Amino acid sequence: MAFLDVQHVTKRFGGLTAVADVSFQMEQGEIVGLIGPNGAGKTTLFNLIAGTFPFDEGRIVFDGEPLNGLKPYHVCRRGIARTFQITRPFLEMTCYENVVVGFIGRDGFTGETPERRRRAEEILKLVGLDEFLHTQARHLNLINKKKLEIARALATRPKLILLDEVLGGLNTGEMVQALDLIRAIRDRFGVTVLWIEHVMGALMQVVERLLVLDGGRLICQGDPQTVVRDPRVIEAYLGEADD
Amino acid sequence: MPRSLVWLLSLGLFGVLAVLPLVAGDYWLHTAILCLFYVMMAASWNLLAGYTGQVSFSHAAFAGIGAYVSGMCAIYFHLPPLLGALVGMAVAAVLGLLLGVLCIRMGGIYLSLTTLAFSEMLRIVIDNEYEITRGTMGLSVPFVLPFYSKAWAFYLMGAVTLGLLYVIHRIIRSDLGTAFRAVQNDETAAASLGIHVVKIRVAAFVISSTMAGLAGALYGHYHQLITPEILSLNLMFLVLAMTIIGGLGTFAGPVVGAVFLEVLSEYIRIYGEFHVLIFGLVALFISRFAPEGLVGLWRKRFPTLDAQR
């Protein structure tokens with residue numbers, strides 16, 4: 001049985017069908033990219049998996065159990081963490097406290113323990129924020145805010161992490177750091193990654209498989225090199241060829 | 001602030017509290033007791049408004065619930081006031097839970113409006129059920145202690161206030177406090193990290209309302225007369241002004257604000273009800289130009305003292 005099994009999921013907002021009959025599967029340990037033009041329904045699909053919105057039809061099974069009807073905090077405790085397209089760190093809290101919220105959400109009110117402290121510092125070091133341990137998140141620049149979101153998500157001990165445009169707005173040097181970090185998430189923590197991205201060049205270096213959404217439908221999936229040459233994908237991005 | 005300074009300040013505060021009844025006259029002792037009541041009210045309201053961002057207008061109503069329940073326990077069931085205060089607290093907690101579960105999902109301005117409505121409804125009921133509550137005549141209740149002594153009432157209220165502040169401080173520094181602030185900062189993000197946002201909000205509302213119930217009960221038994229004035233919006237806005245002027249979302253803010261405004265209002269009492277208007281205007285200006293209040297201004301002036309927050 002697949003690790004994440006999305007079966008015929010549909011979401012409508014009034015008359016607009018944002019996600020239409022989408023089905024795909026992921027295996028544990030995969031890094032999968034999710035691409036598509038603006039408004040294709042990528043973030044909506046994330047929100048359906050994460051429980052932000054209920055979906056109208058279909059089924060999502062994660063790690064052997066259905067996610068239907070679960071609220072975001074519940075989905076998180078099942079082992080799915082996420083980041084946001086527009087970063088949402090807790091601005092008035094320090095980086096350390098931001099990470100602690102993840103521990104509290106996953107493990108409940110355990111109080112400050114040396115073990116928790118050690119793990120928080122370890123995670124912040126991994127993402128490269130160890131020098132900002134006690135800096136309030138509002139003082140961080142964009143790349144560091146994005147790193148903090150990943151750190152916070154890792155604190156919830158996820159089995160699957162949903163990354164929503166981590167590379168947007170970063171310069172080339174920062175992108176290299178971010179790619180290393182995403183590989184580390186999988187290799188060091190064994191976390192499966194589903195990743196929305198517009199920066200194709202970078203995405204192609206890391207992902208093992210691509211899913212392509214267009215107009216709410218999954219139009220193509222498979223090996224990245226094959227997918228980007230698929231006429232349906234080229235058409236979705238560039239419009240119909242008029243030869 | 002460095003630890004030694006905190007200790008020094010606390011020691012000084014204890015000293016002042018200990019000798020105040022010996023040196024102050026009746027009038028200033030009374031003012032000091034009122035200060036303690038306002039400190040309890042503002043500090044517990046701050047826990048809700050300043051740390052979870054929920055602006056509730058029913059805080060004075062919960063003080064009223066504590067006062068009336070405790071007072072009626074004393075009159076109808078002959079419970080000693082301190083035991084009655086515990087009953088008042090418990091009733092405030094239960095009603096806080098019910099109101100919280102009903103209103104808090106709405107969030108934001110709707111919470112403010114529904115709590116405002118609740119508080120006015122309760123005041124009207126108490127006004128009109130005069131056979132039980134004595135309406136606007138007020139309910140005469142026994143003194144908080146078995147014997148009458150302002151000095152001992154002061155020590156009692158002082159001890160309870162310190163206890164309450166200690167509990168609030170512990171909550172702020174605990175995981176619960178961290179969860180409060182996470183919810184206030186960004187509830188969508190908090191939920192995505194496994195925080196049950198509604199539960200956290202309701203918990204803050206119940207804790208805060210329970211504390212208001214305790215403060216109200218002690219206040220009623222100190223005055224020996226409980227009137228619907230306790231539930232009035234006057235008191236609510238005074239508490240709000242104290243917290244905002246002192247510093248919303250800071251531990252010391254409501255303490256500073258409550259003492260400052262209560263003492264100040266003794267001096268401008270001759271202007272009658274206008275002092276509430278003035279406090280309202282000052283609170284408005286502070287929240288626009290110095291959102292962290294007096295405590296925030298102090299921190300800006302002496303940033304070196306503020307190594308930890």
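Just so you know, the protein sequences line up as chains A and B, in that order. The UniProt record's numbering numbers the first residue of the first sequence as 1 and each following residue consecutively. The UniProt record's numbering numbers the first residue of the second sequence as 1 and each following residue consecutively. Backbone N, C-alpha and C define an ideal beta-carbon position, used for all residues, glycine too. Predicted model only: the values in this text are computed from it and were never measured.
Residue 187(A) counts as exposed, since fewer than 16 other C-beta atoms from the protein chains shown sit within 10 angstroms of its C-beta.
With the criterion set as a beta carbon lying under 7 Å from some beta carbon of chain B, the members of the region 88-104 of chain A are 88, 90, 91, 92, 93, 97, 100, 101, 102 and 104, in sequence order. Counting only residues of its own chain and dropping the five nearest sequence neighbours on each side, residue 168(A) has no CB closer than 6 Å to any other CB. Burial check for residue 234(B): the Cβ neighbour count within 10 Å stays below 16, so the residue is exposed. Contact of residue 127(B) with chain A is not assigned, every C-beta pair being separated by 8 Å or more. Taking 9 Å as the upper bound on Cβ-Cβ separation, chain B lies near residues 52, 71, 72, 73, 74, 75 and 76 of the region 52-76 of chain A. Chain B places a beta carbon closer than 8 Å to that of residue 106(A), counting this residue as a contact.
Secondary structure at residue 17(B): helix, using DSSP grouped into helix, strand and coil. Between the region 201-215 of chain A and the region 37-49 of chain A, the count of Cβ pairs shorter than 8 Å is three or higher; the stretches touch. If you check the CB distance, residue 192(A) and residue 3(A) come in under 8 Å. The C-alpha of residue 87(A) lies about 28 Å from the C-alpha of residue 115(A). By the neighbour-count criterion, in which 16 or more other beta carbons inside 10 Å mark a residue as buried, residue 45(B) falls on the buried side. The DSSP assignment places 4-13 and 16-26 as complete runs of the beta strand (DSSP E) inside the region 2-27 of chain A, in order along the chain (cut-off: 3 residues).
Distance from the CA atom of residue 132(B) to the CA atom of residue 107(B), rounded to whole angstroms, is 34 Å. Among the CB atoms of chain A, none fall inside 8 Å of the CB of residue 169(B). At a cut-off of 8 Å between C-beta atoms, residue 194(B) counts as an interface residue with respect to chain A. It is roughly 14 Å from the alpha-carbon of residue 11(A) to the alpha-carbon of residue 50(A).
The C-beta separation of residue 60(B) from residue 230(B) comes to about 7 Å, placing the pair in contact by the 8 Å criterion.
By the neighbour-count definition (other C-beta atoms within 10 Å, threshold 16), residue 4(B) is an exposed residue. For residue 109(A), at least one C-beta of chain B is nearer than 8 Å to its own C-beta. Between residue 95(A) and residue 133(A) a beta carbon distance of about 6 Å is seen, short of the 8 Å cut, so the two are scored as contacting. In the DSSP assignment, residue 110(A) falls outside any beta strand (DSSP E) and carries neither an H nor an E. Runs of alpha helix (DSSP H) with 4 or more residues, each lying fully within the region 226-283 of chain B, are found at 233-246 and 253-267, listed in chain order.
Setting aside the 5 residues that flank it on each side, residue 146(A) is surrounded in the same chain by 83, 87, 166, 170 and 178, each with a C-beta closer than 8 Å to its C-beta; the list follows chain order. Under a criterion of Cβ atoms nearer than 7 Å, the residues of chain B adjacent to residue 82(A) are, in order, 192.
Per DSSP, the beta-bridge partners of residue 136(A) are 94(A). Counting along the chain, the unbroken beta strand (DSSP E) around residue 62(A) starts and ends at 57-62. For residue 152(A), the C-beta contacts it makes with chain B under 7 Å involve 193, in order along the chain. The three-state reading of DSSP puts residue 140(B) in strand, counting E and B together. Contact annotation for residue 115(B) against chain A: no contact, minimum CB-CB distance about 24 Å [criterion: below 7 Å]. Spatial neighbours of residue 91(B) in its own chain (CB-CB distance under 8 Å, excluding positions within 5 residues in sequence) are listed in chain order as 65, 66, 69 and 213. Beta-bridge annotation (DSSP): residue 194(B) is not paired with any residue.
None of the residues of the region 180-193 of chain A has a beta carbon lying less than 9 Å from any beta carbon of chain B.
The CB of residue 174(B) comes closer than 8 Å to the CB of 109 and 111 in chain A, given here in chain order. For residue 181(B), the closest Cβ of chain A is nearer than 8 Å. Where residue 81(A) is concerned, there is no enclosing alpha helix (DSSP H), although the beta strand (DSSP E) around it starts and stops at 80-82.
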